[in-house]
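**Student:** Number 219 in my numbering belongs to position 218 of the sequence shown; there are no gaps in the numbering.
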Amino acid sequence: MKNHVKYHIGYYPAPGQMEYTWMKKDHIEKAPAWCSVDLRDGNQALIVPMTLEEKIDYFKLLVDIGFKEIEVGFPAASETEYEFLRKLIEEDLIPDDVTVQVLTQARSHIIEETFEALKGIKRAVVHLYNSTSFAQRQQVFRAGKDEIIEIARHGATMVKQLAAKYPESDFTFEYSPESFTGTEMDFAAEICNVVIDIWKPTPEKKVIINLPATVEMSMPHVFANQVEYMCANLHDRENLIISLHPHNDRGCAVAAAELGILAGGDRIEGTLFGNGERTGNVDIVTLAMNLFSHGVDPQLNFANMPQIVTEYEKFTDLKVNPRQPYAGALVFAAFSGSHQDAIAKGMNWVKEKNPDKWTVPYLPIDPHDVSREYDADVIRINSQSGKGGVAYVLEQNYGFDLPQAMRAEIGYMMKDISDKAHEELSPAGIYEAFAKEYINDFAPIDITHATFSHFSDTKMEDSDSMTVKMRVVIENQVYNLEGKGNGRLDAVANGLRQTGYHFDYKFITYSEHAISADSNSKAAAYVCIEGPDGSKYWGVGTHADIILASVNALVSALNRMNKKIHFVN
Ligand code: KIV
Ligand code: ZN
């Protein structure tokens, strides 16, 4: 790509040298004030803007999440926005602890119409803006700095005068030097100070100065420097609320907002999931959840994230990306074997130790905190997955605590199935494949009945103390056999040898447990034998009776071996 030469190296005004302090801080101590601009900036960027009814429902969603300030539109700019504001006021839909905000350009008739639209409101933020950047002054307004200051002065004066005519309403004033990030910093401070001097903020009546990255132009640390510069150079800083309004053109809006808060920002204007013009506004969900994951109460409630995603997608007709932090369908999913293994171990550690802080590897937050499930959302099995994940799914969903030595074999089997099918395997699919291959395989050898008796000869050390009487069916032939051995499985094996078939194997290992996930409380048994070919063959038996589960496991292992060795035709 050669065309990079077409672009400035840093077409943004960085403030001059000063002692910046924001980079000395390593965390944000408290949540900023949040203002949702979904219904204005977000809505104006939709392919099909929301209807009046949708806006009302979206407003309710924002209120439920906990927003206390909501920009509801540009009432002088469109009939729907005007009607929406009137409906909120006339039908008393604004909760007492919520303040709506309206946007107005710094032009006389627009300011007048804005106040008319606000008639009867108890409280509102009136947000005045005009554009201040070098490019806008040069190309759009073709005006000098003085003329741009004049627009702001005139707008601020009118806002103050008109507000005084509505004593029944409590207005807060907000000013944005639109295109702030492309504005020379001394000029941005100068124009804001003109507005501040007109509005004369007090501790009781603070003024909001909003610093929009109308277009994100710089790396986030430069934005933070700009914010800190403004905080140091604005009049009456203690009576100001410094608001940040980052857009996401370089994909760094969240970082810019966080560094901007360290640099003095008190308030954030943004949208759910970063909807907004072009690449969007800053994503308030990510910002809030980032605070949450650092132990700070975000003062917004995303506990019901899947529901919020569903409603957002319905109203905006946009899709939340599956990789969207905290909210996307895949953001807690671990497909890779090593990740699954670490997560499974981490989750077991949590179960065992019940620690009061969350530190599970690969899971920045507990998925339960945003109503996501470990089993369905976290451990996902595909051809990248390994033994740990498969074992976790079988244990969590079906109660099979596979012996360590068996896990690799099952992991490879599932990998192979997924690879061939080019598909992710669901927990049900995993169980089905596991059960089909290993559990209670009764062909061709089937022990249909088995009764054990036990005797103990106190004088003899190596006596065969276990006897089994069993009915065995092999290839439609029924055998009633008796076998003796030093244990149950040994007795069964010796009994089976009387059939004349060549049961040539070495017993390797046996284990058993109750199946906790199953309400019909069964037992599971695992047997591993080594065949004459040197291969290991696992079998799994289940039964309400633990003894019969072990018999079934041995039979399953033998039948699996027979598929390769063919000692029964
Ligand atoms: O992005 C922007 O600059 C705006 C202003 C109107 C604040 O949305
Ligand atoms: Zn904006």
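All C-beta atoms in this analysis are idealised placements derived from N, C-alpha and C, irrespective of residue type, glycine included.
Consider the C-beta atom of E278 and the heavy atoms of ligand 2; say whether any pair is separated by less than 7 Å.
**Tutor:** One-based indexing of the sequence shown puts residue 278 at position 277. Under cutoff, so the answer is yes.
**Student:** Which residues in the same chain as V474 place their Cβ atom closer than 7 Å to its Cβ, once the five residues preceding and following it in sequence are excluded?
**Tutor:** Indexing the sequence shown from 1 puts residue 474 at position 473. Excluding sequence neighbours, V474 sits near D447, T449.
**Student:** State yes or no: is the beta carbon of A550 nearer than 8 Å to at least one beta carbon in chain D?
**Tutor:** Reference to chain D is not applicable here, since this structure consists of a single protein chain.
**Student:** If we ignore side chains and look at the alpha-carbon of each, how far apart do K88 and E54 end up?
**Tutor:** Position 87 of the sequence shown, counted from the start, is the residue given in the question as residue 88. Position 53 of the sequence shown, counted from the start, is the residue given in the question as residue 54. One C-alpha to the other measures close to 10 Å.
**Student:** Quick check on this structure: which residue in L235, E205, Y432, H295 has the alpha carbon closest to the alpha carbon of I192?
**Tutor:** As a first step, residue 192 must be located in the sequence shown, where it is residue number 191. The candidate whose alpha carbon is nearest that of I192 is L235.
**Student:** Kindly examine ligand 2 and report whether one of its heavy atoms sits closer than 7 Å to the Cβ of N240.
**Tutor:** The residue you call residue 240 lines up with position 239 of the sequence shown. No - ligand 2 has no heavy atom lying nearer than 7 Å to the Cβ of N240.
**Student:** Jot down the residue ranges of each uninterrupted alpha helix (DSSP H) in the segment 291-333, minimum 4 residues, whole runs only, in chain order.
**Tutor:** 306-317, all fully within the segment 291-333.
**Student:** Since D402 contacts H514 with CB under 8 Å, what's their CB separation in whole angstroms?
**Tutor:** Within the sequence shown, the letter at position 401 stands for residue 402. Within the sequence shown, the letter at position 513 stands for residue 514. That pair is a contact at about 5 Å.
**Student:** From N563 to I548, what distance separates their C-alpha atoms?
**Tutor:** By one-based count along the sequence shown, residue 563 stands at place 562. By one-based count along the sequence shown, residue 548 stands at place 547. Each residue's alpha carbon lies about 23 Å from the other.
**Student:** Identify the continuous alpha helix (DSSP H) that holds I516 and give its terminal residues.
**Tutor:** Translated into the one-based positions of the sequence shown, residue 516 becomes position 515. Unbroken run through I516: none, as it is neither H nor E.
**Student:** Grab the span of the beta strand (DSSP E) containing L212 for me, first residue to last.
**Tutor:** Mapped onto the sequence shown, residue 212 falls at position 211. Unbroken beta strand (DSSP E) run through L212: 208-214.
**Student:** Determine the direct distance from the alpha carbon of I29 to that of V73, and round the result to whole angstroms.
**Tutor:** The residue labelled residue 73 in the question sits at position 72 within the sequence shown. The residue labelled residue 29 in the question sits at position 28 within the sequence shown. So the alpha carbons of these two residues sit roughly 28 Å apart.
**Student:** Using DSSP with H/G/I as helix, E/B as strand and the rest coil, what is H369?
**Tutor:** Taking the first residue of the sequence shown as position 1, residue 369 is located at position 368. Helix.
**Student:** Just to confirm, is the Cβ distance from M471 to G488 under 8 Å?
**Tutor:** Within the sequence shown, residue 471 is the residue found at index 470, counting from 1. Within the sequence shown, residue 488 is the residue found at index 487, counting from 1. Not in contact: M471 and G488 (Cβ atoms no closer than 8 Å).
**Student:** Measure the C-alpha to C-alpha separation of D147 and H295 and round it to an integer number of angstroms.
**Tutor:** By 1-based counting over the sequence shown, the position of residue 147 is 146. By 1-based counting over the sequence shown, the position of residue 295 is 294. The straight-line gap from Cα to Cα measures roughly 45 Å.
**Student:** So does S79 have its beta carbon nearer than 7 Å to some heavy atom of ligand 1?
**Tutor:** The residue you call residue 79 lines up with position 78 of the sequence shown. No; taking the cut-off as 7 Å, the Cβ of S79 has no heavy atom of ligand 1 nearer than that.
**Student:** Apart from the five residues just before and just after A32, which ones in its own chain have a Cβ nearer than 8 Å to its Cβ?
**Tutor:** The residue given as residue 32 occupies position 31 in the sequence shown. Hits under 8 Å: A289, L292, V297, D298, P299, Q300, L301.
**Student:** Going by the C-beta, is P213 closer than 7 Å to any heavy atom of ligand 2?
**Tutor:** Numbered from its first residue, the sequence shown carries residue 213 at position 212. For ligand 2, at least one heavy atom lies less than 7 Å from the Cβ of P213.
**Student:** Whose C-alpha, out of Q385, I431, V493, is nearest the C-alpha of V394?
**Tutor:** Within the sequence shown, residue 394 is the residue found at index 393, counting from 1. Nearest C-alpha to V394: I431.
**Student:** Could you pull the start and end residues of the beta strand (DSSP E) that D171 belongs to?
**Tutor:** What you label residue 171 is simply residue 170 of the sequence shown in a count that begins at 1. Counting along the chain, the beta strand (DSSP E) containing D171 begins and ends at 171-179.
**Student:** Compare the beta carbon distance of V321 and V332 with 8 Å and say whether it is the shorter of the two.
**Tutor:** Locating residue 321 in the sequence shown gives position 320, where the first residue counts as 1. Locating residue 332 in the sequence shown gives position 331, where the first residue counts as 1. No. Outside cutoff.
**Student:** Any idea if N477 is buried or exposed, counting beta-carbon neighbours within 10 angstroms, 16 or more meaning buried?
**Tutor:** Against the sequence shown, residue 477 aligns to sequence position 476. Per the 10 Å Cβ criterion, exposed.
**Student:** Consider the C-beta atom of H248 and the heavy atoms of ligand 2; say whether any pair is separated by less than 7 Å.
**Tutor:** For the purposes of this step, residue 248 is taken as residue 247 along the sequence shown, with counting starting at 1. Flag set: Cβ of H248 near ligand 2.
**Student:** Tell me whether Q106 is buried or exposed, calling it buried when 16 or more other Cβ atoms sit within 10 Å of its Cβ.
**Tutor:** Taking the sequence shown and counting its residues from 1, the one referred to as residue 106 is at position 105. Buried: at least 16 other Cβ atoms inside 10 Å.
**Student:** Would you say F538 and A524 are within 8 Å of each other, going by their C-beta atoms?
**Tutor:** Indexing the sequence shown from 1 puts residue 538 at position 537. Indexing the sequence shown from 1 puts residue 524 at position 523. Here residue 538 is Tyr; the residue named in the question, Phe, does not match the sequence. No.
**Student:** Can you tell me where the alpha helix (DSSP H) with V157 in it begins and where it stops?
**Tutor:** For the purposes of this step, residue 157 is taken as residue 156 along the sequence shown, with counting starting at 1. Correcting the residue identity first, residue 157 is Ala in this sequence and not Val. Counting along the chain, the alpha helix (DSSP H) containing A157 begins and ends at 146-165.
**Student:** Tell me the rounded alpha-carbon separation between E270 and P307.
**Tutor:** As a working mapping, residue 270 is identified with position 269 in the sequence shown. As a working mapping, residue 307 is identified with position 306 in the sequence shown. If I take the Cα positions, the gap works out to 23 Å.
**Student:** Helix, strand or coil: how does DSSP classify R381 here?
**Tutor:** Here residue 381 is taken as the residue at index 380 of the sequence shown, counted from 1. In the structure shown, R381 sits in coil (DSSP, three-state: anything other than H, G, I, E or B).
**Student:** So is the beta-carbon of N282 under 7 Å away from any non-hydrogen atom of ligand 2?
**Tutor:** Residue numbering aside, residue 282 sits at position 281 when the sequence shown is read from its first letter. Yes, the beta carbon of N282 sits closer than 7 Å to at least one heavy atom of ligand 2.
**Student:** Going by DSSP, what residue range makes up the alpha helix (DSSP H) through Q227?
**Tutor:** In the sequence shown, the residue the question calls residue 227 occupies position 226. Here the alpha helix (DSSP H) through Q227 covers 221-234.
**Student:** Given the structure, does D93 come close to ligand 2, in the sense that its CB is under 7 Å from one of the ligand's heavy atoms?
**Tutor:** For the purposes of this step, residue 93 is identified with residue 92 of the sequence shown, where counting begins at 1. No, ligand 2 has no heavy atom inside 7 Å of this Cβ.
**Student:** Could you give the DSSP three-state label for Y13: helix, strand or coil?
**Tutor:** Here residue 13 is taken as the residue at index 12 of the sequence shown, counted from 1. The answer is coil: DSSP assigns Y13 none of H, G, I, E or B.
**Student:** Can you find at least 3 beta carbon pairs, one from the segment 145-163 and one from the segment 197-204, that sit closer than 8 Å?
**Tutor:** Counting Cβ pairs under 8 Å, three or more are found: they touch.
**Student:** So the beta strand (DSSP E) I242 belongs to, where does it begin and stop?
**Tutor:** On the sequence shown, position 241 is the one that residue 242 refers to. Start and end: 241-247.
**Student:** Starting from F116, trace the alpha helix (DSSP H) in both directions and tell me its first and last residue.
**Tutor:** Stepping through the sequence shown from its first residue, residue 116 is reached at position 115. Start and end: 109-118.
**Student:** With the cut-off set at 8 Å, would you say A214 and M19 are in Cβ contact?
**Tutor:** The residue you call residue 214 lines up with position 213 of the sequence shown. The residue you call residue 19 lines up with position 18 of the sequence shown. The answer is no: Cβ separation not under 8 Å.
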